[in-house]
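Please read the structure below before turning to the comments.
Numbering (the working numbering), first residue to last: 5 to 71.
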């Protein structure tokens, strides 16, 4: 497959943009994980209760849908 210089440069530019976005997403993900870990260590009981509430809500919605 043949590419012109213009097409090649456009592909390289697009690839660079994709790599930059990927790095940004990785940094955001790492930050979110760090924040979550800090929260787990600081407020384990509160987080546990929130997760239990979410589970109860999911079960309630499933029960309504399956009826």
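Glycine included, every Cβ here is placed at the ideal spot set by N, Cα and C.
Residue i (DSSP reduced to helix, strand or coil)
i          : result
residue 52 : helix
residue 7  : coil
residue 34 : helix
residue 71 : coil
Same chain only: Cβ atoms within 8 Å of residue i, ignoring 5 sequence neighbours per side
i          : result
residue 18 : none
residue 51 : 43, 44
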